[in-house]
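2 protein chains.
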Amino acid sequence: MPTRPTHERNKGLALDRSLIARLPLFKGLTAAELDEMLRGARSVRYPKQSAVFEQEAEAHSFFVLLDGHIRVVRTTPEGHQVIVRYISEGEIFGVAAALGRTTYPASAIAAVDCVALVWPNALWSELSLRFPSFGANTYKTVGSRLQETHTRVVELSTEQVEQRVAHALLRLVNQTGQKTDQGIEIDFPISRQDIAEMTGTTLHTVSRLLSAWEERGLIVSGRQKVTVKDPHALVVLAEHRDRR
Amino acid sequence: MPTRPTHERNKGLALDRSLIARLPLFKGLTAAELDEMLRGARSVRYPKQSAVFEQEAEAHSFFVLLDGHIRVVRTTPEGHQVIVRYISEGEIFGVAAALGRTTYPASAIAAVDCVALVWPNALWSELSLRFPSFGANTYKTVGSRLQETHTRVVELSTEQVEQRVAHALLRLVNQTGQKTDQGIEIDFPISRQDIAEMTGTTLHTVSRLLSAWEERGLIVSGRQKVTVKDPHALVVLAEHRDRR
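Sequences listed follow chains G and V, in order. The opening position of the first sequence corresponds to residue 1 in UniProt numbering, with each subsequent residue numbered one higher. The opening position of the second sequence corresponds to residue 1 in UniProt numbering, with each subsequent residue numbered one higher.
Below is the structure:
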């Protein structure tokens, strides 16, 4: 059972602007403006597997992930889960307020132990008007996510499952990859079931594909771990439908 | 070959605010404010099958559809087409500027003869700051489209093709349906190929499904025309995966 989130603010410490000064989201804000942004926020720890928010819950807050990885998941009425995306360090998420929504359309689950800054939604209008670059950067993020989601629709509509799984791994590598001796490792625990939920296929098919790719030396995979040894070969698999 | 768009503004007539006063997008604006919005716009006719804008072209304008239906299409590098969505009367589209993009991510094609208001992107910041409700309504539209696109990802990931086609028809009926003697007619020309491009399947499969549904009395379909006679039965097909 995951423990409950810990509110750092309870310790009575002011948040330091160095937490957010380097993030593209806050680019262009002065030191005083960063301090003002932070005055509205609190820092919260979310243990691995805990929910930052739940699908259909009232949207009370928006978030910036300081550390960790968040899995955004939609559950269908029949109980099927689809991973909508992963959120990485420095990204804003849970921006229902910015999009005129009153509930969260999906659940956000800590894939590892996470730390996030949390602002009450009531501050969204004020902060986005006061710091227009912050508002514009948020909407730029929304725009990228809309395009990324369209890309998934296109992939699901036109690609074979092998291409989709290759594309999903390449996206994770681009988003979170860490160089290791063996290749580029996806920097958080990811199971074969997670990959199935990202690509609209079954655990069985993902296992079969990963095993075949491992035999061919394209990847190394372990429990909740994937390292891409030959990204170029994976790109070829993902792009060249007629060369499978 | 489609004829070129006609710029109404060339006639030197001012645009009348009655064109937009009734649209939810501009709700809350005074008569003077509506006039000010319109001063930045021109009205353009797009003949059936002409492109309002092309995928990857420089984003110069944003649009509000006054009359007609627009098909938004993404083409893959391999030449596959996927219909991203249909735009109906009163909707804003081509909002690349609002999302910090410099190019259009998809093409917008007139599904029938259309009329749209066209604003230069350079006016986006000014107008959305001056009329915050217009900005907020635009982002609310973007939020709905993001959720709608996630819903398609979920459908493509978890549903059988029969459910997806049923969902697509129900969405079109909700968005554009007109009551007729026979049932609810989708209010613009839609081919079986279009439906295939909306649901990630083939023309052959769509034809097979529509013929079966027609035999069962659920729909009537003709050349580029679909009428839903029994929406309830279609909902049952779309939702109840175990009752197929």
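Glycine is no exception: its CB is placed at the ideal position from the N, C-alpha and C atoms.
If you reduce the DSSP assignment to three classes, tell me which class V:A110 lands in. The residue given as residue 110 of chain V occupies position 110 in the second sequence. The answer is strand: DSSP assigns V:A110 an E or B state.
Give me the residue from V:R130, V:L25, V:G200 with the minimum Cα distance to V:T138. Working through the second sequence from its first residue, we reach residue 138 of chain V at position 138. Relative to V:T138, the option among V:R130, V:L25, V:G200 whose CA is nearest is V:L25.
Reduced DSSP category for G:R171 - H, G, I as helix; E, B as strand; rest coil: Locating residue 171 of chain G in the first sequence gives position 171, where the first residue counts as 1. Note: G:R171 maps to helix in three-state DSSP.
Classify G:E162: buried if its beta carbon has 16 or more other beta carbons within 10 angstroms, exposed otherwise. Numbered from its first residue, the first sequence carries residue 162 of chain G at position 162. That one is buried.
Could you tell me the alpha carbon to alpha carbon distance between G:D194 and G:A106, rounded to whole angstroms? By 1-based counting over the first sequence, the position of residue 194 of chain G is 194. By 1-based counting over the first sequence, the position of residue 106 of chain G is 106. Taking the straight line joining both Cα atoms gives about 16 Å.
May I ask you to verify whether the stretch 125 to 138 of chain V touches the stretch 170 to 182 of chain V, counting CB pairs closer than 8 Å and requiring at least 3? No, because fewer than three Cβ pairs between the stretch 125 to 138 of chain V and the stretch 170 to 182 of chain V fall closer than 8 Å, the two stretches do not touch.
Beta strand (DSSP E) segment containing V:K225, residue limits: In the second sequence, residue 225 of chain V corresponds to position 225, counting from 1. Segment 225 to 228, the beta strand (DSSP E) holding V:K225.
Inter-residue Cα distance where the pair is G:V228 and V:R216: As a position in the first sequence, residue 228 of chain G is number 228, starting the count at 1. As a position in the second sequence, residue 216 of chain V is number 216, starting the count at 1. Computed Cα separation, rounded: 51 Å.
Relative to the alpha-carbon of V:K140, which residue among G:R101, G:S144, G:M198 has its alpha-carbon at the smallest distance? Start at 1 with the first residue of the second sequence, and residue 140 of chain V comes out as number 140. Restricting attention to G:R101, G:S144, G:M198, the CA atom closest to the CA of V:K140 is found in G:R101.
Using 10 angstroms around the beta-carbon of G:E197, count the other beta-carbons present and answer buried if the total reaches 16, otherwise exposed. As a working note, residue 197 of chain G is residue 197 in the first sequence. Around the Cβ of G:E197, a 10 Å sphere holds 16 or more other Cβ atoms; the residue is buried.
For chain V, check one thing: does any of its Cβ atoms lie closer than 7 Å to the Cβ of G:G100? As a working mapping, residue 100 of chain G is identified with position 100 in the first sequence. So yes, G:G100 belongs to the interface.
Sequence ranges, alpha helix (DSSP H) only - wholly within the stretch 67 to 131 of chain V, length at least 4: Correct list: 124 to 130.
Could you give the DSSP three-state label for G:R39: helix, strand or coil? Position 39 of the first sequence holds residue 39 of chain G. G:R39 falls in the helix class under three-state DSSP.
Is it a yes or a no for the stretch 50 to 57 of chain G touching the stretch 102 to 121 of chain G, going by three-plus beta-carbon pairs under 8 Å? Taking 8 Å as the limit for Cβ pairs, the verdict is that the stretch 102 to 121 of chain G does touch the stretch 50 to 57 of chain G.
From V:G94 to V:I219, what distance separates their C-alpha atoms? For the purposes of this step, residue 94 of chain V is identified with residue 94 of the second sequence, where counting begins at 1. For the purposes of this step, residue 219 of chain V is identified with residue 219 of the second sequence, where counting begins at 1. Approximately 33 Å between the Cα atoms of the pair.
G:A21 - containing beta strand (DSSP E), residue span: Taking the first residue of the first sequence as 1, we reach residue 21 of chain G at position 21. G:A21 -> not in any beta strand (DSSP E); alpha helix (DSSP H) instead, spanning 18 to 21.
Taking Cβ positions, are G:W119 and G:G40 nearer each other than 7 Å? Taking the first residue of the first sequence as position 1, residue 119 of chain G is located at position 119. Taking the first residue of the first sequence as position 1, residue 40 of chain G is located at position 40. In this structure, G:G40 lies closer than 7 Å to G:W119 by Cβ.
For V:R45, does the three-state DSSP call read helix, strand or coil? Your numbering for residue 45 of chain V matches position 45 in the second sequence. In the three-state reduction of the DSSP assignment, V:R45 falls in the strand class, which pools E and B.
Run down chain G in chain order and give the residues with a C-beta less than 8 Å from the C-beta of V:H232. One-based indexing of the second sequence puts residue 232 of chain V at position 232. Below the 8 Å Cβ cutoff, chain G contributes no neighbours of V:H232, its closest Cβ being approximately 17 Å away.
Work out the CA separation of G:L156 and G:R243 for me, nearest whole Å. Indexing the first sequence from 1 puts residue 243 of chain G at position 243. Indexing the first sequence from 1 puts residue 156 of chain G at position 156. For G:R243, the pLDDT reaches just 36, beneath the cut-off of 50, and the residue's location in the model is therefore unreliable, although a value from the coordinates is still provided. So the two alpha carbons sit approximately 19 Å from each other.
Going by the CB atoms, is the gap between G:F62 and G:A97 shorter than 7 Å? Counting from 1 along the first sequence, the entry for residue 97 of chain G is found at position 97. Counting from 1 along the first sequence, the entry for residue 62 of chain G is found at position 62. The Cβ atoms of G:A97 and G:F62 sit closer than 7 Å to each other.
By the three-class DSSP mapping on this structure, what secondary structure does V:E239 have? As a first step, residue 239 of chain V is located in the second sequence; it is residue number 239 there, counting from the start. V:E239: helix per DSSP, three-state reduction.
At least one CB of chain V closer than 7 Å to the CB of G:L237: is that the case? Residue numbering aside, residue 237 of chain G sits at position 237 when the first sequence is read from its first letter. With 7 Å as the cut-off, G:L237 does not count as an interface residue toward chain V.
Kindly indicate which three-state DSSP category G:S221 falls into: helix, strand or coil? Working through the first sequence from its first residue, we reach residue 221 of chain G at position 221. Strand, per DSSP.
Spatial neighbours of residue 250 of chain G within its chain, please: C-beta separation below 8 Å, excluding the five flanking residues on both sides. Outside the displayed range of chain G (1 to 244) lies residue 250 of chain G, so it cannot be described from this structure.
Compile a chain-ordered list of the residues in the stretch 139 to 156 of chain G whose CB is closer than 7 Å to at least one CB of chain V. Considering only beta carbons, the part of the stretch 139 to 156 of chain G lying closer than 7 Å to chain V consists of Y139, K140, V142, G143, R145, L146, Q147, T149, H150, R152, V153, V154, L156, in chain order.
Assuming V:I186 is part of the alpha helix (DSSP H), what are its boundary residues? In the second sequence, residue 186 of chain V corresponds to position 186, counting from 1. Counting along the chain, V:I186 falls outside any alpha helix (DSSP H), though it belongs to the beta strand (DSSP E) covering 184 to 186.
In this structure, does DSSP put G:G200 in helix, strand or coil? As a position in the first sequence, residue 200 of chain G is number 200, starting the count at 1. In this structure, G:G200 counts as coil in the three-state DSSP scheme.
Expected contact under 8 Å - CB spacing of G:R74 and V:V154 to nearest Å: Indexing the first sequence from 1 puts residue 74 of chain G at position 74. Indexing the second sequence from 1 puts residue 154 of chain V at position 154. Contact holds; Cβ gap of about 6 Å.
Around the Cβ of V:V226, are there at least 16 other Cβ atoms within 10 angstroms (buried) or fewer (exposed)? Residue mapping note: residue 226 of chain V aligns to position 226 of the second sequence, counting from 1. With 16 or more other Cβ atoms within 10 Å, it is buried.
Within 10 Å of its beta-carbon, does G:H232 have 16 or more other beta-carbons around it, so buried, or fewer, so exposed? Taking the first sequence and counting its residues from 1, one reaches residue 232 of chain G at position 232. So G:H232 counts as exposed.
Straight-line gap, V:F182 to V:S211 (C-alpha atoms, nearest Å): Here the question's residue 182 of chain V lines up with position 182 in the second sequence. Here the question's residue 211 of chain V lines up with position 211 in the second sequence. Before going on, a small fix: residue 182 of chain V reads as Gln here, not Phe. Straight-line spacing of the CA atoms in V:Q182 and V:S211 works out to 17 Å.
Partner residues on chain A for V:R74, Cβ-Cβ distance less than 7 Å: Absent from the structure is chain A; the protein chains it does hold are G and V.
Exposure of V:T180, with buried meaning 16 or more beta-carbon neighbours within 10 Å: The sequence position of residue 180 of chain V within the second sequence is 180, counting from 1. Answer is exposed; the Cβ neighbour count stays below 16.
Just reading off the beta strand (DSSP E) that V:G177 is part of, what are its end residues? Walking along the second sequence from the start, residue 177 of chain V turns up at place 177. Going by DSSP, V:G177 is part of the beta strand (DSSP E) stretching over 177 to 179.
From the DSSP output, in three-state form, read off G:A212 for me. The residue labelled residue 212 of chain G in the question sits at position 212 within the first sequence. In this structure, G:A212 counts as helix in the three-state DSSP scheme.
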